[in-house]
Amino acid sequence: MSLAARLRPITPSLTLSVSSQAKAMRAAGQPVWDLSAGEPDFDTPEPIKAAAKLALDRGMTKYGPAAGLPELRAALAAKLQQDNGLRYAPEQVMVTNGGKHALFNLMMVLLEGGDEAIIPSPYWVSYPEMVKLAGATPVLVPADVHNDYKITPAQLAAAITPQTKLFVLNSPGNPTGSVYTPAEVKALAAVLAAHPQVWVVSDEIYEKIRYDGATHFSIAACPELFDRTLIANGFAKAYSMTGWRVGYLAGPTAVIAAATMVQGHSTSNVCTFAQYGAIAAVTGSQEGVAAMTAAFAERREIIYERVRTIPGLVCPKPAGAFYLFPDIGALGLDSRTFCEKLLQEEGVAIVPGIAFGADTNVRLSYATDRQTIEEACDRLGRFVSRQR
Ligand code: GLU
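Residue numbers (our numbering): 26 to 413.
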């Protein structure tokens, strides 16, 4: 018996496996300082939970339209207009099982054998694997730490070939926390404008989580690209709704219709009562988002100061998301060995950079409480000093 050949180049998600390992260790009574998953420690805000409970009580437990509840699609179209200045009809927005599923759907719809998808590296763990599952080839473009882990227009231009079908942009980015300025986004758009066969996906899941006045500018707002850009976003990070699995995809009508067809044959609609929670999230007060972002900003200062001052680590200060991505190259350990030893010897869980295409880095998530961050940093410092 053999598995399908399409799985041969695919590796498991390391972000998910490290975080499950940390959770299992804790459940078994072992102390763990968990800076692995990008999973906010806050509870989902009360009004969102109340809306989902009410929906359950009212019997909203049946199938719904595969593309999502019409009220939610309309609310998301209004959000895209208000926050991002983008005009979408509700039919141009579909509700997906998390932001990850929005990306998966669109890869299935846009990519096939022989196609290339350009991905700036370091990249979020699942992009290349999704591209490969769709039968296409990931083309990685290395972003330099000295350019704040952002690729340049010249690098993008050099990577485009007649086979290029998709460009993946993630700003604010995971794992680096880098945020492209509006001018930088426009410069990339100018390159793409000359290549009409290239679709663009803008993964905006960290849109709301920014610091020091950094702005979020969607590449879909560049008029020359609006008709061939897909926006993937979701509720997990901004509203602390990771387990709810509600995300969305917005873009040209034909692509959304095709992605809805794929979804209709795979998952059907997103959990109906979870969608009612999402309606409350997007239409209600945004105070919860502001409070959580303010907490991330405080934690960022603490963790950055602690990690920056550990001799042997080199760490840029990120402008968005909730990750640090220090360079461990000076210590002579590959990222997997580093993380395994750190977990065994100090009980600190972090993600090897190899998951993101950077084997001389590790990723620390600070979407957790201050005490955990401080203890984890003490332990990390001790561990690093033993390697030198
Ligand atoms: N996106 C989060 C992370 O990078 C959650 C895990 C995942 O979906 O990969 O940690």
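All residues carry an ideal CB built from backbone N, CA and C; glycine is no exception.
Candidates the options: closest to residue i by CA position
i, options, result
"M132", "R98, D228 and D68", "D228"
"P341", "D59, S291, V226 and D173", "D173"
"L217", "E232, Y231 and C247", "C247"
"R388", "R404, F251, A184 and I353", "I353"
"G289", "G63, N122, M50 and L79", "N122"
"D108", "N130, Q311, E326 and Y329", "Q311"
"S42", "Q55, D59, M26 and S27", "D59"
"I421", "G93, A62 and F347", "A query on residue 421 cannot be resolved here, the shown segment of the chain reaching from 26 to 413 and no further."
"M119", "G337, N199, I281 and K78", "I281"
"A168", "P115, N195 and L158", "N195"
"E330", "G406, G268 and N258", "G406"
"G198", "A401, P145 and Y264", "P145"
"E399", "R325, L338 and M26", "R325"
"V204", "Y231, G124 and A102", "Y231"
"V164", "P187, T362 and V170", "P187"
"R404", "A380, A383 and E371", "E371"
6 Å Cβ shell around residue i - same chain, five flanking residues per side excluded
i, result
"W224", "L135, L191 and R253"
"Q412", "L356"
Element boundaries [beta strand (DSSP E), containing residue i]
i, result
"N258", "T254 to G259"
"A142", "E141 to S146"
"T414", "Nothing can be reported for residue 414: it is not among the residues displayed for the chain, which extend from 26 to 413."
"T362", "Run containing T362: none in the beta strand (DSSP E); it sits in the alpha helix (DSSP H), S360 to E371."
"S227", "W224 to D228"
"V166", "T162 to P167"
"R388", "V387 to S390"
"G272", "G272 to A275"
Residues near residue i by beta carbon distance below 7 Å, same chain, minus five either side
i, result
"G110", "A246"
For residue i, three-class secondary structure by DSSP
i, result
"P72", "helix"
"F251", "helix"
"T308", "helix"
"N294", "coil"
"M119", "strand"
"W269", "helix"
"P221", "coil"
Limits of the alpha helix (DSSP H) - the one that residue i falls within
i, result
"T36", "Premise fails: T36 is in no alpha helix (DSSP H) and is neither H nor E."
"S203", "Premise fails: S203 is in no alpha helix (DSSP H) and is neither H nor E."
"F408", "R395 to Q412"
"K125", "G124 to L135"
"I281", "T278 to G289"
Quiz: which residues have CB nearer than 5 Å to the ligand GLU non-hydrogen atoms: T40, A62 and G63
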